[in-house]
Ligand SMILES: NC(=O)c1ccc[n+]([C@@H]2O[C@H](COP(=O)([O-])OP(=O)(O)OC[C@H]3O[C@@H](n4cnc5c(N)ncnc54)[C@H](OP(=O)(O)O)[C@@H]3O)[C@@H](O)[C@H]2O)c1
């Protein structure tokens, strides 16, 4: 039977590819988007409209969604690209709303609406462990990792909660602005001498949703080419 997945960030990059691969597998995707036309591009018959910059709006939208679903995949996210001393308070607040607070409230509002055997998969980042230039972004992903543990214990044994922590993923809007020579320099420092590809993150997500992921919960899966070992 076709499964049903809520996918945030479905308008671009990793989330869009995850949505497409799930549809290709014969499942229904309910995109969580800011613009209805982004759901229409996926040919979705229903969608959730909300802006993660507004946590109250996000919570209401997820509370109003009746379910049931088999998974919630959170691939919405933003970066600032600045060190903390160049970051305005409002920008940190906005980033935390999008990357941490709204995803947490969304998960909370889905309580009882995810079928037993289902899963929540939250996109994290290598930078949660390794740090990096964008302090606010890194801290938001650290928060997501702790939330994953906390929620996994509460939702077991029915629902698994898993993180995926890629290093740099090429081919998304988030990495599009980076200088090519900068990327080449970073690549040389990675043991596997490569970045993750969008399709690889999607494949990992689909794998974790299936039988291969049946014993995985509370964990954050590294996809960083050996760039950070913990
Ligand atoms: N790319 C990387 O190198 C990398 C590495 C590690 C982790 N990640 C994580 O992977 C996830 C996906 O990133 P990506 O690389 O695919 O980036 P992307 O191409 O920029 O996609 C980001 C997605 O987040 C959505 N989004 C942004 N602000 C939102 C808001 N206020 N409300 C609702 N949705 C919002 C965007 O929707 P709109 O079209 O409406 O803006 C878009 O669908 C993020 O959580 C990111 O932190 C990425």
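Numbering (my numbering), first residue to last: 18 to 247.
By construction, the Cβ of each residue, glycine as well, lies at the ideal position given by its N, Cα and C atoms.
Subject >> Whole-Å CB distance - residue 127 paired with residue 89, under 8 Å assumed >> reply: 6 Å
**OP:** Could you say which of 222, 29 and 238 lies nearest to residue 191 if we only look at CA atoms?
**Re:** 29
Subject >> Any non-hydrogen atom of ligand 1 closer than 8 Å to residue 142 Cβ >> reply: yes
Subject >> Sequence-distant residues of its chain with Cβ nearer than 6 Å to residue 21 (five each side left out) >> reply: 45, 86 and 87
Subject >> Best match in 137, 200 and 103 for proximity to residue 162 [C-alpha to C-alpha] >> reply: 137
Subject >> Cα-Cα separation, residue 152 to residue 100 >> reply: 6 Å
Original post:
What are the boundary residues of the alpha helix (DSSP H) that includes residue 218?
Top reply: 215-226
Subject >> Entirely enclosed alpha helix (DSSP H) segments - the region 127-193, minimum 4 residues >> reply: 144-147, 152-172 and 190-193
**OP:** Compute every distance between the C-beta of residue 179 and the non-hydrogen atoms of ligand 1, then say whether any falls below 8 Å.
**Re:** no
Original post:
Bridge partners of residue 91, per DSSP?
Top reply: 25 and 139
Subject >> Best match in 125, 111 and 212 for proximity to residue 94 [C-alpha to C-alpha] >> reply: 111
Original post:
Skipping 5 residues on each side, what residues in its chain have a beta carbon closer than 6 Å to that of residue 244?
Top reply: 184 and 207
Original post:
How do the region 166-180 and the region 222-234 stand: do at least 3 beta-carbon pairs fall below 8 Å, yes or no?
Top reply: yes
Original post:
Using a Cβ-Cβ cut-off of 7 Å (strictly less than) and excluding sequence neighbours within five positions of residue 248, which residues of its own chain qualify?
Top reply: Residue 248 is absent from the model: the chain starts at 18 and stops at 247.
Original post:
Does the beta carbon of residue 93 fall short of 8 Å from some heavy atom of ligand 1?
Top reply: yes
Original post:
What do you reckon, are the CB atoms on residue 130 and residue 83 nearer than 9 Å?
Top reply: yes
**OP:** Quick one: using the 10 Å Cβ neighbour count with 16 as the cut-off for buried, is residue 34 buried or exposed?
**Re:** buried
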